[in-house]
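The working numbering applies: residue 1112 is where the sequence shown begins, and numbers increase by one. Glycine residues also receive a C-beta, built at the ideal position from the N, C-alpha and C atoms.
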Amino acid sequence: MSKSLLQRVFWTISLRVKVLIPVLFTVITLFGLGQFFSTMQSIEMKTLQQIERLKSIGIRLTHSYPLTNAGVNVDAIRLGLDLIPELTHIAIYSTDGQLRVLLKGATIDVSKDSWQKMTQADSWQTDTELIVTVVIPEQEGEAVLVMKSVKTDITLFIQKSLYHSILFLGAFLVVWMVFYLTFNRLVLNPISQLSIVMQQVTNRHQRDHLNRKSGRDEMELLFNSFTHMLERSDAKEDHVIYALRKLNAEKDFANKVLDTIRFATLVVDSTGVIVHHNKAAEELFSEHTGELLDTDIKAMTHGDLTIEAIFESLTLPRNVTFNMDKVLNIHSTKLPEVNRYLVCIENITEIEQSTERHRVASSVFENNAEAMMIVDCNNLISMVNSAMATLIGLDKKKCIGKTPQQVFASQQFNQLSTSIELSLNRYGFWQGEISQIAGDGRTVPLLVKASQIARSRNSDKVDYFYMFSDLSSVKEMERLSYLAHHDALTGLANRTKLYLMMENALSDPNCIRAGFAILYIDLDGFKLVNDKYGHDAGDFVLQQVASRMLAQVRIHDCVARLAGDEFVIMLRHISQQDVEGFAQRLTEDLSQPMIFCGQSMFVGASIGINYSTDSNTDLGQLLKQADSAMYRVKRVKKEQA
1112 MSKSLLQRVF
1122 WTISLRVKVL
1132 IPVLFTVITL
1142 FGLGQFFSTM
1152 QSIEMKTLQQ
1162 IERLKSIGIR
1172 LTHSYPLTNA
1182 GVNVDAIRLG
1192 LDLIPELTHI
1202 AIYSTDGQLR
1212 VLLKGATIDV
1222 SKDSWQKMTQ
1232 ADSWQTDTEL
1242 IVTVVIPEQE
1252 GEAVLVMKSV
1262 KTDITLFIQK
1272 SLYHSILFLG
1282 AFLVVWMVFY
1292 LTFNRLVLNP
1302 ISQLSIVMQQ
1312 VTNRHQRDHL
1322 NRKSGRDEME
1332 LLFNSFTHML
1342 ERSDAKEDHV
1352 IYALRKLNAE
1362 KDFANKVLDT
1372 IRFATLVVDS
1382 TGVIVHHNKA
1392 AEELFSEHTG
1402 ELLDTDIKAM
1412 THGDLTIEAI
1422 FESLTLPRNV
1432 TFNMDKVLNI
1442 HSTKLPEVNR
1452 YLVCIENITE
1462 IEQSTERHRV
1472 ASSVFENNAE
1482 AMMIVDCNNL
1492 ISMVNSAMAT
1502 LIGLDKKKCI
1512 GKTPQQVFAS
1522 QQFNQLSTSI
1532 ELSLNRYGFW
1542 QGEISQIAGD
1552 GRTVPLLVKA
1562 SQIARSRNSD
1572 KVDYFYMFSD
1582 LSSVKEMERL
1592 SYLAHHDALT
1602 GLANRTKLYL
1612 MMENALSDPN
1622 CIRAGFAILY
1632 IDLDGFKLVN
1642 DKYGHDAGDF
1652 VLQQVASRML
1662 AQVRIHDCVA
1672 RLAGDEFVIM
1682 LRHISQQDVE
1692 GFAQRLTEDL
1702 SQPMIFCGQS
1712 MFVGASIGIN
1722 YSTDSNTDLG
1732 QLLKQADSAM
1742 YRVKRVKKEQ
1752 A
């Protein structure tokens, strides 16, 4: 596990650390080892030099002051030894280790083992001392000169070595920094840039810019080659991106074109499976709850649309019925490059229905008993039906392209043209009556209805539709109805209409509660006018009386002429006091002179009033009571006369 961890740590370390740190560690380690061995060697050499120096001192002593039977000149030797301060002990021993002469220092006990070690080698050392022995020949035998000296202090050597090491390390660090910067610039930076770029090679937008190197060494050649490779790779990527963008743009354009086509468009394979479609197809087949892609068109349309029908529509478009209520027009094109078929499906249900409605409307227009005409926005006739052609006595083809004023013999229509046009433009409708001379020469009363019809939803232009209804029979019925309910001379209501209006009033409880009055009027002096001035004057007087009565009543009241010079006025929603005031005003109005052919004629009026608020009153009884009241008024007038 630790080995695996070390491997992971090693692979996460950068190349700069992998290269420079081991080199730095190796150099420092080698320098430390070399400095250590050099210091140890210097110490050892210094010790050897000290030993040799002691030996040379001993030899000089033995040569300068030879031992004799008479002894050694101790004072002379000591005087010379004082000049050598590092000597701590010097003595002459016999060969068996017995002290003979102590020249310097304190007496030391020399054991047998120690003496053997000192005599076996001419030098011997401990951690702090050096012992050198020199054999002194003498006349009677040999003696041994033993010198003990303080070992040279190695601290100075170590300090000196450390000082040199520090100087070396300082110089080494300076050289190392120069080397590092040079190596970093020439080797590591290019490799680092290559590493970074290799990591960013999949995302060129985050990639650092690489500048070509001017050198010719291997690293710079490698760097330049890699830069060239990236440039070519980027160029290829740019080309691929451009091609993909262009392809996507073309694909998006094609999809948008397909989506903007109002026809349902499908791409199917040779087995009838849908591989592509536009939005119009989704709307057309909205009843299909699943996804259209990868769906068999035959299964989706419940067998109404098959691959065989698609094959047949390659040459000529054909219609199929879908779901029993939709009529589809299919046109197919083969795509040989991909062995697929482009199928354009137009829902012509509305077109078929519109065509059928147009056929029915044309049939209704042509076969209608009413005369019909369509005038365009330029006031030119664009269509007429057979009834219209018969009415104006012209062939239909001769009417087309002419103005209505050119085909109508009636000046009344031509005079109303401006009013009709103004009403159509302002309200979109006009209705009125005109008289037209028909093809057989008779004058026909016509009810004209004109209206605007829009050409299309998106057009501001409109046409005008005219329908002419023959009112001859209607007018005759109206005339007969009028004669059945009105007096022919005065235009007032006759007895029949009076009874109808009285029945309606009596059946209305609100009318009875508000007050209901019957005024029975007989003209005074009418017979004299009729006998003196003739029947024309009498008729004129009756018409003037009728006109004055109508001027006094309200719109919901009724004025009727029963016979001769007898009139009845029915007043509704009126109080008894107002009835009396009305009768007074009417009497005064009728007493005013009437001028006929320069002659002033006068008549009076006897008015009988029957006022009631009882809904149970009989109609005949009301008139009878009013008639009785009128005769009482006449009798009073005669008595007063």
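Outcome for residue i when other beta-carbon atoms lying within 10 angstroms are tallied against a minimum of 16
i	result
residue 1662	exposed
residue 1181	Confidence at residue 1181 is low in this model, with a pLDDT of 47, below 50, so the placement of that residue is unreliable and no value is reported for it.
residue 1380	exposed
residue 1732	exposed
residue 1515	buried
residue 1388	buried
residue 1347	exposed
residue 1161	buried
residue 1669	buried
residue 1474	exposed
residue 1151	exposed
residue 1593	exposed
residue 1179	No answer about residue 1179 holds up, because its pLDDT of 47 lies below 50 and its placement is not dependable.
residue 1737	buried
residue 1616	buried
residue 1259	buried
residue 1266	exposed
residue 1340	exposed
residue 1478	exposed
residue 1692	exposed
Element boundaries [beta strand (DSSP E), containing residue i]
i	result
residue 1659	Run containing residue 1659: none in the beta strand (DSSP E); it sits in the alpha helix (DSSP H), 1646-1663.
residue 1479	Unbroken run through residue 1479: none, as it is neither H nor E.
residue 1731	Per DSSP, residue 1731 belongs to no beta strand (DSSP E); it is in the alpha helix (DSSP H), 1730-1751.
residue 1545	1540-1548
residue 1580	1573-1581
residue 1211	1210-1215
residue 1707	1705-1707
residue 1382	First-last for residue 1382: undefined, no H or E at that position.
residue 1666	Looking at the DSSP string, residue 1666 is not in any beta strand (DSSP E), and its letter there is neither H nor E.
residue 1205	1198-1205
residue 1450	Neither: residue 1450 is in no beta strand (DSSP E) and is coded neither H nor E.
Bounding residues of the alpha helix (DSSP H) (the contiguous stretch that carries residue i)
i	result
residue 1513	Here residue 1513 belongs to no alpha helix (DSSP H), and DSSP marks it neither H nor E.
residue 1403	Segment: none, residue 1403 is in no alpha helix (DSSP H) and carries neither H nor E.
residue 1693	1687-1701
residue 1390	1390-1395
residue 1556	That residue, residue 1556, is in no alpha helix (DSSP H); its beta strand (DSSP E) goes 1554-1565.
residue 1502	1497-1503
According to DSSP, residues forming a beta bridge with residue i
i	result
residue 1376	1455
residue 1604	1597 and 1671
residue 1713	None, per the DSSP bridge assignment.
residue 1725	Answer by DSSP bridge pairing: none, since residue 1725 is not bridged.
residue 1683	1627
residue 1494	1485
residue 1633	1677 and 1717
residue 1302	DSSP output for residue 1302 lists no bridge partner at all.
CB-CB length for residue i against residue j, believed under 8 Å
i	j	result
residue 1564	residue 1628	Contact flag wrong, Cβ pair sits at about 53 Å.
residue 1671	residue 1603	6 Å
residue 1702	residue 1741	At roughly 16 Å, the Cβ-Cβ gap does not stay under 8 Å, so residue 1702 and residue 1741 are not in contact.
residue 1755	residue 1579	Only positions 1112 to 1752 of the chain appear in the structure, and residue 1755 is not among them; the question remains open.
residue 1392	residue 1377	6 Å
residue 1676	residue 1653	7 Å
residue 1459	residue 1438	5 Å
residue 1664	residue 1680	6 Å
residue 1545	residue 1520	About 11 Å separates the two Cβ atoms, so there is no contact after all.
residue 1511	residue 1492	6 Å
residue 1395	residue 1456	6 Å
Any C-beta of chain B under 9 Å from that of residue i
i	result
residue 1133	Looking for chain B here will not work: only one protein chain is present.
- request: Assess, as a yes-or-no matter, whether the segment 1698-1708 is touched by the segment 1639-1651 under the definition of 3 or more beta carbon pairs within less than 8 Å.
  value: The answer is yes - the segment 1698-1708 touches the segment 1639-1651, with three or more Cβ pairs under 8 Å.
task: Tell me, please, whether the segment 1628-1641 touches the segment 1583-1590 by the rule of three or more beta-carbon pairs shorter than 8 Å.
output: no
- prompt: Pairing CB atoms from the segment 1523-1536 with CB atoms from the segment 1547-1562, are three or more of them under 8 Å?
  reply: Contact holds: three or more Cβ-Cβ distances are below 8 Å.
query: Can at least three beta-carbon pairs, one atom from the segment 1444-1458 and one from the segment 1538-1546, be found at a separation below 8 Å?
result: no
task: Check whether the segment 1268-1284 touches the segment 1131-1148, counting contact only when three or more Cβ pairs, one atom from each stretch, lie closer than 8 Å.
output: Three or more beta-carbon pairs separated by less than 8 Å link the segment 1268-1284 to the segment 1131-1148, which places the two stretches in contact.
message: For the segment 1200-1214 against the segment 1282-1295, do three or more pairs of beta-carbon atoms, one drawn from each stretch, fall closer than 8 Å, so that the two count as touching?
response: no
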